[in-house]
Each structure stands twice: as structure tokens, then as C-alpha cells.
Amino acid sequence: MQLSIENGYQRFITLVANARKSTPEKIDQIAQGHVWTGEDAKANGLVDSLGDFDDAVAKAAELAKLKNLAPQLLSGRADLLLDGAG
Numbered sequence: 020m021q022l023s024i025e026n027g028y029q030r031f032i033t034l035v036a037n038a039r040k041s042t043p044e045k046i047d048q049i050a051q052g053h054v055w056t057g058e059d060a061k062a063n064g065l066v067d068s069l070g071d072f073d074d075a076v077a078k079a080a081e082l083a084k085l086k087n088l089a090p091q092l093l094s095g096r097a098d099l100l101l102d103g104a105g
């Protein structure tokens, strides 16, 4: 089990390093299982910008080259499951 966790962590820091144009060693120094505030993550080079949910949706639409984006909130069976989980 521990080996699986360690392998997953190594994969994670390698993916982050590649995406952030860094090295696994530098990302490992920052990561170490910490949870960062947005501002601290930005200061550590882990994110490009700060924003809210709408900003994230807009950026995803831009990257996906979607036009006329009109997000819709869908409800259905998942709501029933989640209502019973609380």
C-alpha cells in the first residue's frame, strides 16, 4: 500500500513539474502534501492566476475553443443521491 502511495506521489509531482515547466525535485520541495491558499500557490508557481468558479469555466471554454458558452445547471438523479448522503 505504501509503495502504491509513493508511486502515485512521484507520478503527481512529475506531472505537475512538466505542466509548470519545472523539475520534480523543485515541485517536491514545495508539495510535501501541503494544502496551499490560492495566493501562496501563485507565489510558489503552482498556478498562473487566481479566480472564482466562473473564471475557471470561462478559461476551460477558451482552452476548448467553445463559442457561445451558456453553462446550465443540471439536476436529476445525482441530486437525489447527494440529498441522501448528508
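Numbering (my numbering), first residue to last: 20 to 105. Yeah, the Cβ is synthetic: ideal placement off N, Cα and C, and Gly gets one too.
State the DSSP-derived secondary structure class of residue i, mapped to helix, strand or coil.
i	result
T42	coil
L93	coil
Can you tell me the Cα-Cα spacing of residue i and residue j, whole angstroms?
i	j	result
A80	G70	15 Å
Q91	I32	34 Å
T7	I24	No information on residue 7 is available, as it lies outside the stretch 20 to 105 that the chain covers here.
A89	K78	13 Å
R39	N63	11 Å
E44	S94	43 Å
L65	N26	21 Å
A50	K84	32 Å
D59	D74	19 Å
Q48	F72	29 Å
Can you find the residues in the same chain that come closer than 6 Å, C-beta to C-beta, to residue i, ignoring five residues on each side of it along the sequence?
i	result
V35	I46
G57	L69
L22	none
(request) Write down every uninterrupted run of the alpha helix (DSSP H) in the stretch 35-89 whose length is 4 residues or greater and which is fully enclosed by it, in chain order. (result) 43-49, 57-62 and 72-82
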